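So the structure is just underneath, and the comments pick up after that.
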Amino acid sequence: MHYDLIIIGMGLSGLMAARVAAEAGKKVLIIGKGMGCLTLFSNTIDLLGKIPETVKLEDGLSQWIHDHPDHPYGKMGLEKIEEALSSFNSFFPPPYTFQSKNGTNSLVPTAAGTLRPTYLIPSTMMKGISLKKKKALIIGFQGYKDFYARRLADLFNCRGITLSLAENPQKEMTSTALARLMEQPFLRDLFSAEVKKQIRDEEIIGLPAVLGVNDPTKIRKEIEKKIGASLFEIPVPPPSIPGLRIFNRFKARLLQKGVTFLSGHPVTKVVLKGNRCEKIEVSHPPITNSYSADRFILATGRFLGGGLIADRLRILEPIFNLPVAQPGSQEKWFEGSFFDEHPIHRAGILTDVTLRPVDERGNLSFENVWVAGTILSGHHYLHEKSREGIEIVTGYWAARNAMRQ
Amino acid sequence: MDLKTEVLVIGGGATGAGIARDLSLRGIPALLIEKGDLLSGASGRNHGLLHSGARYVVSDPEAARECIAENRILRKIAPHCLEETDGLFVSLPEDGLDFRDRFIQACQETTIPAKLLSREETLGLEPDLNPALLSAVKVPDGAIDPFELVLANAKDAEVHGATFLLHTEVTSFLVNGNKVTAAFAKDLLHGEEYRIEASYFINATGAWADNLLKKVGLCLPMALSKGSMLITNQRLSHRVINRCRPPSNGDIIVPNHTVSILGTTSVRLEDVECFEVMPHEVSLLIDETSKMLPNIREARLIRAYAGIRPLFQSEEKDDDRAISRGFVLIDHEMRDGLNNLITITGGKLVTYRLMAEKTVDLICKKLNIDLSCSTHLKPLTKRDHPCSLKDRLKTLGSMETLCDCELVGIEEVIEVLKEGKLKSFQDILRRTRLTKGTCQGAFCVHRLLGLLHDLGMVKEDSNHILKGFLEERWKGIRPILWGSALKEEELIEGIYKGIFNLKKSKEFGVGSSE
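Here the protein sequences line up with chains A and B, keeping their order. Once you know that position 210 of the first sequence is 250 in our numbering, the rest is easy, because the numbers rise by one and skip nothing. Once you know that position 173 of the second sequence is 179 in our numbering, the rest is easy, because the numbers rise by one and skip nothing.
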């Protein structure tokens, strides 16, 4: 099977790239060994969380771009970043939107009782940013182990209760199971009735981010009407339901546009000719399938996604064996405190300004390969709080640049 | 506060807890004092190997005899703390067969059951072993859970009247002529000070024995030997795997609960508080153990840690106080003219009971009373919750778990919390299997904090506890970060630094485990 573009990796950057190419009418294959990391970490859209909440993000970002020419944002520039973000946003029209508060970062409460700066916030989390100003009630669920209402209440200085919803033979629930339960009308009735009994004079009610997978705004509105207070979702440890919502939205639209989706397909080999990639192979012994394309985008993430691997001496990119910017010898990969900025996180693929991979001297590795997402070098997404921003912006522009050629 | 007891036991490792149990079973009032928690030293930082004695059978038959005798006793009195896995001593081509033949001969002389297995028989039992092996010898090694064992001893001691003073350090002694009359101590967490009078003082502080004796102006030549170990994310073999050669680096692999422990190294140390595992030790352990089990090269490591062996350096003059090279019992009346001070150190985890018995025998002799030991006859009480992996697997799905790696139920944790006397967060972890499994506490510690808030036991900002734990965990994770361990690391950083936005505490580096 021959494609105009093959995208390897199903995280947010790969999905953005697929979308750009599909909307340009191209024949696109997106292939991943899993279903990407959206369902692990993404709740809101981080652009550059380290810019203080008092500064307009656009201003902070301009300065950042100026100071960091080798950062993916530095390579793209402000206009391109804004274009990519608005493209992402157009996928989420009301009612489930991603918005900033006054164009600045805002502090969103988390399941650890901390506040976290982020930029674009889904409508179901918006009320959480006024946690400190309003009377709040935090609600947890019996049997759901990653969210403790009392702990949050103690840390946020508000009230917290744990609801026991139904006789559950399993005794334990994951965020996914809770989100599916929330899609059942009878459970929403039960939940609303319980909350109504518990509520005193609280104006906002926080609960783990499980307000359904498919239509969270409808579920939120319905419950809010019954209890007479505003609801907000709080990000929890993986799996992330808000991340799943993003994934599902992209997948549904991309399938509509004729994109071929292959998950559970690890790329085992690439077939090269000169400095061009001709096809990729996926081996599920004894069967090997190959897929050819004019252009390829590598968006395989970092170590967790399998985009980078490391033996004890160095870091490698396993699919194309692209040059990787190394963070020194293994003893230097990590610092003495868990919370330090570890040099290993700066490792990644070097690219030119069009996101094509290059070696240390700037020589192009392949003519028809582009690279997107956190696998890129020159950023520190954890400390910058820039994960989704880098994914959206580089995914969008890798595809745009690839289409141009 | 002034306290009074008959015997003050200093040190809360296996030896100290064993002595407290032995004393209380013989009806002698005892108080155990420990500057950390139970198991803070080598007792909580070892292989978890139930020695058959075979490892020492050629080099130190006396220690081997003690091991096999105690091995048999532990199987009777503490079956819930053990896993009867058996052990194999594997001969690789480079080891030759001379040592193996001497080894089998010595096992017979020492009454350690040893059965020679052919290459095929061995690979039939353990298919992942290096197929180039020549043969193996099967011996009754096993796995032991030091935490269950020491806690069971402490519990039984308490039931029989012994008392415990944890997180309390002996700061000085009052010596009057040829007697120690009192010890002064300080609660390291809350600052309370104690004056403890006793008729007898026992120094069971393991590697810290010399440090303690300095407080009465004595010294003890100790050789501090750091042993480093690695933990893999799954069990790599059914049995304990040893190398059939004179004891050396990286020649033991012990399956323990859900993991395997690879060990050990031996590095001479000056500082007894230094537990850091060096990169070359990690390399050495992988290189050596993978000669026996080649897939160790691909295994996911989840932690590196080290313990300090309290080895006694024999003094020049012929010393009849040394019962064997395995452990050493010193009556300071004979050695230094201090009538009521005894030091017990050296030895193995497996021989803790014998060490306690000999120590309490000496006390009885000094007291001139005839009370015989019964610790080898009376079984240790099993706690209510399931201990072994097998028993815990039976509970799968029927309970709400806090730790999914090791199947630790919320009820079990609440039970430990209700027992009380917990002074620090790490105390809870030592009394459960929490943080000992595949994720090394990355998921369950957040849940444990939630539970503590739910129970109203913590009300303030508990994230400093979480951060302290993550920093402590980091010490064991950092040396093994490459290969597939990097995946988990990215996940954990993504949760705590990403989703939770936790940042470094200002007080990083001091008292992070409180």
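For every residue, glycine included, the Cβ atom is placed at its ideal position computed from N, Cα and C. Source: prediction; values computed, not measured.
According to DSSP, residue i sits in a beta bridge with which residue or residues?
i               : result
S266 of chain B : B:T238 and B:P261
V181 of chain B : B:V186
T202 of chain A : A:G180
M213 of chain A : A:Y184
I521 of chain B : Only positions 7 to 520 of chain B appear in the structure, and residue 521 of chain B is not among them; the question remains open.
Y200 of chain B : B:A191
T11 of chain B  : B:A204
C409 of chain B : B:V414
I349 of chain A : A:L356
I337 of chain A : A:I47 and A:W410
G403 of chain B : Bridge partners of G403 of chain B: none, in fact.
N518 of chain A : This structure does not reach residue 518 of chain A, given that chain A is present from 41 up to 445, and the question cannot be answered.
R249 of chain B : B:V96
V250 of chain A : Answer is none; V250 of chain A lacks a bridge partner.
H42 of chain A  : A:S332
I244 of chain A : A:A176 and A:S270
A36 of chain B  : B:V13
Any idea if residue i is buried or exposed, counting beta-carbon neighbours within 10 angstroms, 16 or more meaning buried?
i               : result
V13 of chain B  : buried
D229 of chain A : exposed
R78 of chain B  : exposed
H106 of chain A : exposed
I244 of chain A : buried
F109 of chain B : buried
L383 of chain B : exposed
C225 of chain B : exposed
D326 of chain B : Because the pLDDT at D326 of chain B is just 38, under 50, the model does not fix this residue reliably, and the value given afterwards should be weighed accordingly. Under this definition D326 of chain B is an exposed residue.
L294 of chain A : buried
N255 of chain B : buried
E322 of chain B : No answer about E322 of chain B holds up, because its pLDDT of 46 lies below 50 and its placement is not dependable.
T84 of chain A  : buried
A204 of chain B : buried
I369 of chain B : buried
A138 of chain B : exposed
T491 of chain A : No answer is possible for residue 491 of chain A: it lies beyond the span of chain A, which begins at 41 and ends at 445.
E130 of chain A : Per the sequence presented here, residue 130 of chain A reads as Ser, with Glu not at that position. Exposed, by the Cβ-count rule.
D324 of chain B : With a pLDDT of 44 at D324 of chain B, under the threshold of 50, the predicted position of this residue should be treated as unreliable, though the coordinate-derived value follows. Exposed, because fewer than 16 other Cβ atoms sit within 10 Å of the Cβ of D324 of chain B.
For the putative contact between residue i and residue j, defined by C-beta atoms under 8 Å, what is the C-beta separation to the nearest angstrom?
i               : j               : result
F333 of chain B : I350 of chain B : 7 Å
L45 of chain A  : A339 of chain A : Between A339 of chain A and L45 of chain A the Cβ distance is about 12 Å, and since that is not below 8 Å, they are no contact.
T387 of chain B : D162 of chain B : 6 Å
G346 of chain A : K167 of chain A : In fact, because the Cβ distance is near 37 Å, the residues do not count as touching under 8 Å.
T438 of chain B : V464 of chain B : With a Cβ gap of about 17 Å, T438 of chain B and V464 of chain B do not count as contacting.
G268 of chain A : T158 of chain A : Not really, about 28 Å apart at Cβ, beyond 8 Å.
R306 of chain B : S296 of chain B : That belief does not hold up - the Cβ atoms of R306 of chain B and S296 of chain B are roughly 14 Å apart, past 8 Å.
F170 of chain B : A160 of chain B : 7 Å
T551 of chain B : G47 of chain B  : Not covered by the structure: residue 551 of chain B. The range shown for chain B is 7 to 520.
C250 of chain B : D101 of chain B : 6 Å
L356 of chain A : V364 of chain A : 6 Å
A20 of chain B  : L355 of chain B : 6 Å
P112 of chain A : L312 of chain A : Contact flag wrong, Cβ pair sits at about 26 Å.
Could you check whether the Cβ of residue i sits closer than 7 Å to any heavy atom belonging to the ligand ATP?
i               : result
D342 of chain B : The ligand ATP is not among the ligands present in this structure, which contains no ligands whatsoever.
Looking at chain B, which residues of the segment 357-382 of chain A have a Cβ within less than 9 Å of any of its Cβ atoms? Q370, E371, W373, F374, E375, G376, S377, F378, F379, D380 and H382
Contact between the segment 209-216 of chain B and the segment 194-201 of chain B is defined here as three or more beta-carbon pairs at a separation below 8 Å; is this criterion met? no
Does the segment 258-272 of chain B come close enough to the segment 426-446 of chain B that 3 or more CB-CB pairs lie under 8 Å? yes
Assess contact between the segment 27-47 of chain B and the segment 93-100 of chain B, defined as three or more Cβ pairs (one per stretch) separated by less than 8 Å. Is contact present? no
For the segment 399-411 of chain B, which residues have a CB atom closer than 9 Å to at least one CB atom of chain A, in sequence order? G403, S404, M405, E406, T407, L408 and D410
Listed from N- to C-terminal order along the chain, which residues in the segment 176-193 of chain A have their beta-carbon within a distance smaller than 9 Å of any beta-carbon of chain B? G180, Q182, G183, K185, D186, F187, Y188, A189, R190, R191, L192 and A193
Counting only Cβ-Cβ distances shorter than 7 Å, please list the residues of the segment 329-352 of chain A near chain B, keeping chain order. R342, F343, L344, A350, D351 and R352
Determine contact between the segment 126-143 of chain B and the segment 231-247 of chain B, defined as no fewer than three beta-carbon pairs at a distance below 8 Å. yes
Against chain A, which members of the segment 482-515 of chain B pass a CB distance test of less than 7 Å? R484, L487, W488, G489, L492, K493, E496, L497, E499, G500, I501, K503, G504, I505, F506, N507, L508, K509, K510 and F514
Is it a yes or a no for the segment 96-111 of chain A touching the segment 140-150 of chain A, going by three-plus beta-carbon pairs under 8 Å? yes
How about the segment 392-410 of chain A and the segment 429-438 of chain A: do they share at least three Cβ pairs that are nearer than 8 Å? yes
Cβ contact (3+ pairs, closer than 8 Å) linking the segment 62-73 of chain A and the segment 293-309 of chain A: yes
Three-pair Cβ contact test at 8 Å for the segment 246-253 of chain A versus the segment 168-187 of chain A: yes
Any 3 or more C-beta pairs closer than 8 Å across the segment 147-164 of chain A and the segment 409-426 of chain B: no
Between the segment 194-204 of chain A and the segment 270-287 of chain A, do three or more beta carbon pairs fall short of 8 Å? no
So does the segment 383-396 of chain A actually touch the segment 317-329 of chain A, counting three or more Cβ pairs closer than 8 Å? no
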